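Engineer: Can you read through this structure? Questions will come right after.
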Amino acid sequence: MEKIIELHNIIKEFDGERILDNIDLDIYDKEFITILGPSGCGKTTTLRIIGGFETPDSGECRFDGKVINDVPAYRRHVNTVFQKYALFPHLNVFENIAFALRLQKVPEDEIIRRVREMLDMVALRGFEHKNVNYLSGGQQQRVAIARALISQPRVLLLDEPLGALDLKLRKDMQNELKNIQQRTGITFIYVTHDQEEALTMSDPVVVMADGKIQQVGTPIDIYNEPVNAFVADFIGESNILDGVMLEDGRVRFSGREFVCVDGGFEKNEPVDVVVRPEDVDFVAPEKGMLTGVVSSVTFKGVHYEFIVDIGGFKWMIQSTDFVDQNEKIGLSIDPDAIHIMHKSEYSGKYGDYSSFSDELDELSNADTVEEEL
Amino acid sequence: MKKSAKGSFVAAPHLVWCVLFIIAPLLFVIYYSFTDSEGAFTLDNILALPEYGDIFLTSIEMSIIATFLCFLVGYPLAYFISRSSERQKKVYMILLMLPMWTNLLIRTYSMMAILDDGGFLNSILTALDLAPVHIVGTKGAVIFGMVYDFFPYMVLPIYTAITKIDHRLIEAAADLGCNSAQTMLRVILPLSRSGIVSGITMVFVPSISTFYISQKLGGGTFELIGDTIERQFQSYSTYNIGAAISLVMMILILISLAVMNRFSDEDAGSAGAARIAGTGK
Amino acid sequence: MKYISKIYIAIVFLILYIPILVLMLFSFNKTSNTGAFDGFSLYWYRELFKSPETFTALKNTLILAVSASLIATVIGTAASVGVVKMKNRFLRSLVNSVTNIPMMNPEIVTGISMMLLFVAIGTFVGAQDKLSFWTLLISHVTFCLPYVILSILPRVKAMDKSIPEAAMDLGCTPIQSFFKVELPMIMPGIVTGMIMAFTLSLDDFVISYFTNGNDFQTLPLLIYSMTKKEVKPDIYALSTLMIIAITILLILSNFSGSKDEVDRKRHERMIAKAQKKQNAAQIGNTGKENG
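Chains as they are written, first to last, in my numbering: chain A, 1 to 373; chain B, 1 to 281; chain C, 1 to 291.
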């Protein structure tokens, strides 16, 4: 696979505030890459630099190896599906999709043929003469995708394209987007704050926070091997504990020594230990590696969600077994369920469920949706 | 249904006012158009209208030219202002509003003071040893007066329409390959159509019905519809023929307004957009 | 491009302002020459102030503008509130169209149509002076009404229907709810409408020209009669004073308006933020449950 877009040391500031701090990223041809991060992390700005709507203060943006920092948006082989679509309200569905071809002065019969193809692809056959203002969100979305794809760009940028859709539709569109990407072989760069979306669709996922790239990897890598407390907490739920790496394969946390599979740390290095809530098994208290008291139980459908107090630290545990509140239980953790990370600036900020409640979680999620620069 | 309609009675004074002072006067225009000075039914007023055909044509011609010139000069101005910084926009808006709130008579009169044979322009020309020009009393002077007087009414609605355009649409156009000229022609111009239509209306209607501009800048040498109507009412007291002329003018304007509004409300379609874009060329 | 636009804007405004500036300049001319400046003097201003006509016209204009704008505002506010409550859609759009007629119609047609009405009524009741202050007032209220309604109606429409309901739920009678809750909410629109009506009335010439009586002259009518005679700089002086007054008003209103605007924008941002949080909380919620 060849690199199609390379970002080198990109720095961008707005009003003295550093939005992008030394971004380095290689994007390969024909892949579906997702940039994931909370509000203000710089993901949209990164996308706008690739699209040609912003110029970096320093650093290089390369396309096919050539620097394109100063190439205007209309000369780039990159098209965008905008947040809330930005369809032209004065043009009908057909003319919206045909827009780029009309600019290229493509012959009328070819325009008709290619627009038809696009309409078939996004399942909007028969909508040619509809007014775009009267389409549903999902339909507008499809028009936006067709409009961006018709000129066969090398790269398609998607800026939270599913954000305005309801849950059911969002799931359908996720599959559809993935299909379209595989069929057309166009590189998709997808920006979202929704971790589930990122895990479902992407080849690689780029996790960003505070203007920096935290981690790049496949969804499975990112979930199983997060590099720091931020990534561990942002992708899925995590219990993150202070620990000490005694030697390769041996780690101490929660007042006890555990066997693990990670290695390559200094002797006695302080580390962050991640244990996913679903990787903990309930056992009888006397058989448990750790013992604790259940302080709350929430029914979640497929499983129960417990908050368990273990020596003052609140763990989140998900299990299909039911245990009642205030009951004393034992916990068992397999070696491969323990993930060790180096300490980072995010250590101690995440992964503690002592003040956890659904309500608070909603509030903190709320911040991630606010529009970014 | 009855429950929530409660409270609509407060609109009653307004409804009465509308009937008495908007509808009734218009009915009187119609009544006078079809009666003679004795109050007897007649078609004479209507039949006499062809006499005024030339005046009608001149008025229409001149106000169309004035409207077109306003658009030609006004659209770029509105566009440039819309691209200025917030601070500058505010200053430009005040500069644009000030003439609007200055009495039309004063503006027209000041224009005449400059263009008159013994006016400012000619005294400058004479001082420069150039031949004085005779402007007041020509068609050009009247058209210029119309443009000058009603120009802000063209710029303001266009400016409003342009600033309302979602910036992402302009980005989307660039993304799909439009350079700035193409963005202007294919996106900004069609999307500011509603502003263009109201601008045209707001210039055309007062232009075609003016009588003061033609009196002052036309130097009394020729007549527009407005002059004719004014004379019937203020000088000759021939209300019936005046009413008939007004009626026809009103109908003409209403028809053109209806056509224009169709334009701006027309469903999203490339044909309409192209036609509007064509007039901008 | 930047320069071209700056130059273009400058040229257009220059042309727009030259006549006004020249007129102001010549109002200070020593002689009655309107072509060449013979020296600075306040002679024409003195002339202007000597004539009682000017002051009467000024007084008349203000009386007319204040009363017309007040009446139009009261009727227009009631109309806006009432029209929104009308259930019959056809009737509602009919009322709107009729209301807008004076705004769409050429002024001269509005003028002569009202003149015809007044003359006919005057003849019918055998009045001596068919046109008077009262006919002028009626015509001013009529052409101000659509502008008043235009600035109030959107506010009424935008008002959340549950707000008067909430007020009544808390114990307001419908009338109390109107005065304590609805009226304050649409007040900005009412103020704008009234200012609009006031300035339109001040400025009107064409309609006044056809509906005024001989005994009541306004400033625009005075200017008209002055321009009918020989060109003399006293009218320049009067115009200069009017332009200065308008400029001051416009700058003042823009200045205070800008502060309002800032407040409004800040307020809107806060509301938008709060709403986003709410939406996001919902999204987060559904996302969590399925995640």
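Just so you know, even glycine gets a beta-carbon here, dropped at the ideal spot from N, CA and C.
In this text the structure is predicted, and so the values were computed from the model without any measurement.
(1) Is the CB of residue 53 of chain C under 8 Å away from at least one CB in chain B?
(2) Please report the straight-line C-alpha distance between residue 131 of chain B and residue 200 of chain C, rounded to a whole angstrom.
(3) Would residue 160 of chain C be called buried (16 or more neighbouring beta carbons within 10 Å of its own) or exposed?
(4) Rounding to the nearest angstrom, what Cα-Cα distance links residue 213 of chain C and residue 231 of chain B in this structure?
(5) Between which two residues does the alpha helix (DSSP H) carrying residue 71 of chain C extend?
(6) Would DSSP call residue 30 of chain A helix, strand or coil?
(7) Tell me the DSSP secondary structure of residue 118 of chain A in three-state form.
(8) Is DSSP giving residue 253 of chain C helix, strand or coil here?
(9) Below 8 Å on the Cβ atoms is my guess for residue 119 of chain B versus residue 35 of chain C; work out the distance and round it to an integer in Å.
(10) Where DSSP assigns a beta bridge to residue 259 of chain A, which residues make up the other side?
(11) So residue 166 of chain B contacts chain A; which residues on that side make the cut at Cβ distance below 8 Å?
(12) Any Cβ of chain B within less than 8 Å of the Cβ of residue 164 of chain A?
(13) Return the chain-ordered ranges of every alpha helix (DSSP H) run that is complete within the region 164-225 of chain B and spans a minimum of 4 residues.
(14) Would you please state the rounded distance, in angstroms, between the beta carbons of residue 187 of chain A and residue 27 of chain A? I believe it to be under 8 Å.
(15) When the cut-off is 8 Å and only beta carbons count, does residue 157 of chain B lie next to chain C?
(16) Okay, do the region 204-211 of chain A and the region 306-316 of chain A touch, 3+ Cβ pairs below 8 Å being the bar?
(17) Am I right that residue 161 of chain B and residue 194 of chain B are in contact with their C-beta atoms under 8 Å? What's the rounded C-beta distance?
(18) Buried or exposed: which applies to residue 17 of chain B, given that a residue is buried once 16 or more other Cβ atoms fall within 10 Å of its Cβ?
(19) Give the interface partners of residue 23 of chain C over in chain B, defined as CB-CB distance under 7 Å, in chain order.
(20) For residue 131 of chain A, which residues from the same chain have a beta carbon less than 7 Å from its beta carbon, with the 5 sequence-adjacent residues on both sides left out?
(21) Rank A:256, A:56, A:35 and A:133 by C-alpha distance to the C-alpha of residue 245 of chain A and give the top, closest one.
(22) Give a yes or no on whether the C-beta atoms belonging to residue 257 of chain B and residue 104 of chain C are separated by under 8 Å.
(23) What is the C-beta distance between residue 67 of chain B and residue 224 of chain B, in whole angstroms, given that I count them as a contact (C-beta under 8 Å)?
(24) Decide if the region 177-188 of chain B is in contact with the region 43-52 of chain B; the criterion is three or more beta carbon pairs, one per stretch, under 8 Å apart.
(25) In this structure, how does DSSP classify residue 341 of chain A when only helix, strand and coil are distinguished?
(26) Just to confirm my understanding: we take residue 278 of chain A, look at its own chain, exclude 5 residues before and 5 after, and list those with CB closer than 7 Å. What are they?
(27) Does residue 179 of chain B have its Cβ less than 8 Å from a Cβ in chain A?
(28) Per the DSSP calculation, residue 80 of chain A is bridged to which residue(s)?
(29) Taking only beta carbons into account, state which residues of the region 199-229 of chain C come closer than 7 Å to chain B, listed in chain order.
(30) Taking only the alpha-carbon atoms, compute the straight-line gap between residue 220 of chain A and residue 199 of chain A and give it to the nearest angstrom.
(31) Ends of the alpha helix (DSSP H) at residue 123 of chain C?
(32) From this set, B:105, B:220 and B:164, which residue's C-alpha is nearest residue 136 of chain B's C-alpha?
(33) Please confirm if residue 197 of chain C has its CB atom under 8 Å from at least one CB of chain B.
(34) Determine the closest residue to residue 32 of chain A out of A:48, A:67, A:202 and A:235, with distance taken between C-alpha atoms.
(35) Any C-beta of chain C within less than 9 Å: which residues of the region 196-209 of chain B qualify?
(36) Determine the extent of the alpha helix (DSSP H) in which residue 329 of chain A is found, giving its start and end residues.
Structural biologist: Working from what's here:
(1) no
(2) Rounded to the nearest whole angstrom, the CA to CA distance from residue 131 of chain B to residue 200 of chain C is 42 Å.
(3) exposed
(4) Cα to Cα, residue 213 of chain C sits roughly 18 Å from residue 231 of chain B.
(5) 52-85
(6) coil
(7) The three-state secondary structure of residue 118 of chain A, taken from DSSP, is helix.
(8) Reduced to three states, the DSSP call for residue 253 of chain C is helix.
(9) 6 Å
(10) A:250
(11) 86
(12) no
(13) Taking only runs of at least 4 residues, the alpha helix (DSSP H) segments lying wholly in the region 164-225 of chain B are 167-175, 180-183, 193-209 and 212-217.
(14) 7 Å
(15) no
(16) The answer is no - the region 306-316 of chain A does not touch the region 204-211 of chain A, with fewer than three Cβ pairs under 8 Å.
(17) 6 Å
(18) With 16 or more Cβ atoms within 10 Å of its Cβ, residue 17 of chain B is classed as buried.
(19) 110 and 113
(20) So the list reads 92, once near-sequence residues are dropped.
(21) For residue 245 of chain A, the nearest C-alpha among the options comes from A:256.
(22) yes
(23) The Cβ separation is near 14 Å, so there is no contact.
(24) no
(25) strand
(26) 318
(27) yes
(28) A:157
(29) 199, 203, 205, 210, 220, 223, 224 and 227
(30) One C-alpha to the other measures close to 8 Å.
(31) 107-125
(32) B:220
(33) no
(34) A:202
(35) 201, 205, 206, 208 and 209
(36) Per DSSP, residue 329 of chain A belongs to no alpha helix (DSSP H); it is in the beta strand (DSSP E), 328-333.
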